[in-house]
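In what follows, a single structure is set out as structure tokens and then discussed.
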Amino acid sequence: MAKARELKGRIRSVQNTRKITRTMEMVATSKLKRAQDRVAAARPYAERLGDVVRRLINPELAQRYPLLRQPGEVRRAAVLLLTANRGLAGAFNANLIREARTQLRELRAKGAEVELHVAGKKGISFFRFLGEKLGAAVNDITDRPGAADAERLVNGLMERFTAGELDAVYVVYAQFKSALSTPPATLQVLPVATPEAGEGGGREVDYILEPGADEILSQVLPLYVRNSVYRALVETAAAEQGARRTAMKNATDNAGDMLESLTRTYNRVRQAAITQEIAEIVGGAAALE
């Protein structure tokens, strides 16, 4: 009966674990819906803002606007990695970290001096464990990132790019294609890409600009960069909830399968014990005759 008691304890443990994972799955599902709404709200604005920038700029403007400066060679770069503050999301954080390490390795292989900036406790703890020096470590961004979060992540990098201290800035984030498809991606936010010669939409469309294009660009370009980082933040937040929901659903399903297996084993052990007891009683009665 010792084995039966052990199995019963394991069954209770798995039942409690399944309750926890099921609750976490429900919470992640609720958060995912709100995160999807934020992604859906951010995309149209980002697309229209990007369209405005593409229509206004042309290759000649790169000499007049620092954020459009296209260095001939990337000698100094910054990589901004967006990760989660919590785990229990499958391979979500591991995939982002792997993507960031790939970017660091490729840039350094080309001779660039690269500094790493990380948002999210999981990424921070991993790279600190490796001994990687972090340019910035931000661990207080919630699962509802706002424009202010994007500003404090990228404003300093924009200033350094404008001053010529950086030649490129990349953001490693999770693309939110669907709850089941959240691949890691790298987005170059600086310098702002300019259309190729002959592709500038600003001269092909008759616009009346108030104030002039120069003043508009001086305001729109920093906004465009900050919004690119904000969009990466909201997509990563949604991807995290999608990954966590999937991981917790798989954990709940696996707990159910384990519970069935343990219950069958427990029933067999208990049945064998009862059969043995009956046999002993019958044998004892026969011996008394």
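Going by the numbering used here, the letters in the sequence shown line up with residues 3 to 291, in that order.
All C-beta atoms in this analysis are idealised placements derived from N, C-alpha and C, irrespective of residue type, glycine included.
- One alpha carbon belongs to Val29, the other to Val171, and they sit about 35 Å apart.
- A distance below 7 Å separates the beta carbons of Gly244 and Thr184.
- Judged by DSSP in its simplified three-state form, Glu115 adopts strand.
- Checking the DSSP bridge columns, you'll see Tyr172 partnered with Val81, Gln190.
- For a cut-off of 8 Å, the C-beta gap from Asp169 to Pro73 is around 4 Å, short enough to register as a contact.
- The C-beta distance from Thr85 to Ala121 rounds to 7 Å, short enough to fall under 8 Å.
- Distance from the CA atom of Val191 to the CA atom of Arg130, rounded to whole angstroms, is 25 Å.
- Shortest Cα-Cα distance from Val231 to any of Val194, Glu262, Arg110 involves Val194.
- Taking C-alpha positions only, Arg228 is separated from Thr238 by approximately 15 Å.
- Counted as a single uninterrupted DSSP element, the stretch harbouring Val76 is not any beta strand (DSSP E), since DSSP gives it neither H nor E.
- With contacts defined by Cβ atoms closer than 7 Å, Thr19 and Ala257 form a contacting pair.
- Residue pairing from DSSP places Val120 in a beta bridge opposite Leu83, Ala139.
- Contact check for Arg24 against Thr254 passes: the beta carbons are separated by less than 7 Å.
- Taking the Cα positions, Ala48 is about 30 Å away from Arg107.
- Straight-line spacing of the CA atoms in Ala181 and Lys33 works out to 12 Å.
- In its chain, beyond the 5 residues on either side, Leu9, Arg12, Ile13, Val16 have a beta carbon closer than 8 Å to the beta carbon of Leu264.
- By the beta-carbon neighbour count (other beta carbons within 10 angstroms, threshold 16), Val236 is buried.
- With a cutoff of 7 Å on beta-carbon distance, Glu242 and Ala102 are scored as not near each other.
- Taking the CA atoms as reference points, Arg247 sits about 7 Å from Met26.
- The C-alpha of Met260 lies about 20 Å from the C-alpha of Gln273.
- For Phe163, the uninterrupted alpha helix (DSSP H) run begins and ends at 149-164, by DSSP.
- Around the beta-carbon of Lys123, 16 or more other beta-carbon atoms lie within 10 Å, marking it buried.
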